[in-house]
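If you read the sequence shown in our numbering, its first letter stands for residue 4, the second for the next number, and so on.
Note that beta-carbon positions come from the ideal geometry of N, C-alpha and C, so glycine has one too.
Because the structure is a prediction, the values reported are computed rather than measured.
Following: one structure in C-alpha cells, then a few remarks.
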Amino acid sequence: MTDHRTISLNDDRVIPQIGLGVWQIPNNAVPTAVQVALDAGYRHIDTAAAYENEEGVGRGMRELGIAREEIFLTTKVWNDDQGYDEALRAIDLSLKRLKVSFVDLCLIYWPSPGRDLYADTWRALVRAREEGLARSIGVSNFEVEHLDRIIGETGVTPVLNQIELHPRFQQRRLRQTNAQRGIKTEAWSPLGRGRLLTDPVIERIARKHERTPAQIIIRWHIDSDVIVIPKSMNANRIQENFAVFDFALEAEDIAAIGKLDDVDGRIGPNPMTASF
Ligand code: A2P
4 MTDHRTISLN DDRVIPQIGL GVWQIPNNAV PTAVQVALDA GYRHIDTAAA
54 YENEEGVGRG MRELGIAREE IFLTTKVWND DQGYDEALRA IDLSLKRLKV
104 SFVDLCLIYW PSPGRDLYAD TWRALVRARE EGLARSIGVS NFEVEHLDRI
154 IGETGVTPVL NQIELHPRFQ QRRLRQTNAQ RGIKTEAWSP LGRGRLLTDP
204 VIERIARKHE RTPAQIIIRW HIDSDVIVIP KSMNANRIQE NFAVFDFALE
254 AEDIAAIGKL DDVDGRIGPN PMTASF
C-alpha cells in the first residue's frame with residue numbers, strides 16, 4: 004500500500020507531500036502521465052502556464068473520473084504576466100485551459116526583481132484567493148528580501164516557496180528563512196534533473212536498501228519535511244517515485260547525503276540575476 008502523506012500549510016489547508024512535476028512534458032503526452040500518477044496514488048499535480056501543457060493536465064484529470072476536490076492542482080504565473088491586472092488575467096486563462104473553477108495553489112514563478120512587479124503580482128494572488136480562484140497562494144524562487152517585501156506590504160504570508168533543492172544544492176539557509184516565517188519549502192528538480200541518480204553515495208545507499216537512487220533521494224526530501232515534485236513521463240518511473248514509504252533511511256544515510264551539499268550545486272537560474 005502506498006502512503007498518502009500531507010503537509011499542513013499556514014492557511015489551514017494541506018498539500019500531498021509528493022506531487023507529479025510536469026515541466027517539459029508535452030501537452031499531448033501529459034494526460035497519460037497524469038493518469039499513471041493518479042492510478043499510482045498521487046493526488047498532487049504541479050504545472051505552470053509556461054509549461055504549455057495546462058490543457059492536457061486538465062484533460063488527464065477529468066478523464067480518470069477522480070473528483071476534482073481530491074486532486075491538489077498547482078499552477079504558476081509566468082514572468083511576462085507579472086503586475087496586478089496582468090496576473091489576474093493570466094490566472095483566468097490558466098483556469099480556462101485547465102477547465103477548472105479553481106486551482107489549489109497558485110504561485111508567482113520567479114521574483115524577477117528587474118521587473119519590480121512581484122509585490123503587485125502578489126496582491127493579485129491575494130485577490131484571486133479571495134475570489135476562490137486559488138485556494139492557497141505561494142511563491143517560487145523567492146529569496147529572503149522578496150519574501151519579506153511581499154509579507155511586509157500585504158500582511159499575507161505565502162504558504163510555500165518552491166525552490167531548486169536536491170542533495171547537491173540543499174539550500175539550508177533559505178529553508179530556515181522559510182521555516183522562520185511559517186512558509187513550507189517545496190523542491191523543484193528534486194533529483195537534480197536526474198543528474199544525482201548516478202552519484203556514488205546515492206547509489207551505495209540505494210544498494211543497501213534495495214531501492215533505486217530516485218527513491219533514496221525522494222525519501223530524503225520526505226524526511227526533510229519538504230514537498231517534492233519529481234518529474235517523469237515514464238510510467239514505471241512515475242510509479243517508482245511514489246513508492247517510497249515502505250523503507251526508512253538510517254541516520255548514517257542522512258549524514259552521507261548531507262555531505263553532498265555544494266555551494267556551486269545550483270543547476271537552474273539564480274533568482275537574483277535571472278533576466279528572463
Ligand atoms: P523521465 O521523464 O524520462 O523519467 P527532476 O525532477 O529533478 O527535474 O528530474 C527529472 C529527470 O529525472 C527527468 O529527466 C526524468 O526523466 C528523470 N527521472 C525521474 N524519475 C526517475 C527515476 N525514477 N529514475 C530515473 N530517472 C528518473
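Residue i to residue j, Cα distance in whole Å?
| i | j | result |
| --- | --- | --- |
| Trp223 | Thr35 | 27 Å |
| Ile154 | Ile260 | 33 Å |
| Glu189 | Phe245 | 16 Å |
| Asp267 | Ala70 | 43 Å |
| Thr5 | Asp249 | Residue placement at Thr5 is poorly supported in this model, since its pLDDT is 48, which falls under 50; the coordinates still yield a value, given next. Straight-line Cα distance between these residues: approximately 8 Å. |
| His212 | Glu206 | 10 Å |
| Ala209 | Arg8 | 22 Å |
| Glu134 | Arg171 | 40 Å |
| Thr201 | Thr157 | 44 Å |
| Met275 | Ala122 | 15 Å |
| Ala52 | Ser143 | 14 Å |
| Ala131 | Glu148 | 23 Å |
| Gln173 | Asp264 | 6 Å |
| Glu255 | Pro203 | 15 Å |
| Arg152 | Pro272 | 21 Å |
| Gln27 | Lys262 | 30 Å |
Keeping to the same chain, check which residues put their C-beta closer than 6 Å to that of residue i; ignore five residues upstream and five downstream.
| i | result |
| --- | --- |
| Ile232 | Gly22, Gly24 and Asp49 |
| Asn82 | Trp113 and Ser115 |
| Val247 | Gln218, Ile221 and Arg222 |
| Phe145 | Pro114 and Asn164 |
| Ala90 | Val80, Asp84, Thr124 and Ala127 |
| Leu101 | Glu57 and Gly61 |
| Leu120 | Gln85 and Gly86 |
| Arg16 | Ser139 |
Chain B beta carbons: is any one of them nearer than 9 Å to that of residue i?
| i | result |
| --- | --- |
| Ala277 | You won't find chain B in this structure, because it holds only one protein chain. |
Sorted by chain position, which residues of the same chain lie with C-beta nearer than 8 Å to residue i's C-beta, five sequence neighbours on each side aside?
| i | result |
| --- | --- |
| Leu12 | Ile18, Ser139, Val162, Leu163 and Lys187 |
Check for me: the beta strand (DSSP E) holding residue i runs from which residue to which?
| i | result |
| --- | --- |
| Ser11 | Thr9 to Ser11 |
| Arg138 | Ala137 to Ser143 |
| His149 | From DSSP, His149 is part of no beta strand (DSSP E) but of the alpha helix (DSSP H) over Val147 to Thr157. |
| Asn164 | Leu163 to Glu167 |
| Ile270 | Counting along the chain, Ile270 falls outside any beta strand (DSSP E), and DSSP gives it neither H nor E. |
Could you spell out the range, first to last residue, of the alpha helix (DSSP H) harbouring residue i?
| i | result |
| --- | --- |
| Asp123 | Tyr121 to Glu133 |
| Ile2 | Outside the displayed span of the chain (4 to 279) sits residue 2, for which this structure offers no information. |
| Lys99 | Tyr87 to Leu101 |
| Glu73 | Here Glu73 belongs to no alpha helix (DSSP H), and DSSP marks it neither H nor E. |
| Leu41 | Val33 to Ala43 |
Among the residues of its own chain, which have a CB less than 7 Å from the CB of residue i, if the five just before and after it don't count?
| i | result |
| --- | --- |
| Arg214 | Phe250 |
| Val33 | Val25, Asn56, Gly59, Val60 and Gly63 |
| Val103 | Gly61, Arg71 and Leu76 |
| Glu1 | Look at the range of the chain in this structure, 4 to 279, and you will see that residue 1 is not part of it. |
| Asp14 | Ser139 and Val162 |
Next on the checklist: Quick check on the contact list: which residues have their beta carbon closer than 6 Å to a heavy atom of the ligand A2P?
Outcome noted: Ordered by chain, the residues meeting the criterion of a beta-carbon within less than 6 Å of a non-hydrogen atom of the ligand A2P are Gly24, Ser192, Pro193, Leu194, Gly195, Arg196, Gly197, Leu200, Thr215, Ala217, Pro233, Lys234, Ser235, Met236, Asn237, Arg240, Glu243 and Asn244.
Checklist entry - In chain order, which alpha helix (DSSP H) runs of at least 4 residues are fully inside the stretch 174 to 219? => result Taking only runs of at least 4 residues, the alpha helix (DSSP H) segments lying wholly in the stretch 174 to 219 are 175 to 183 and 203 to 212.
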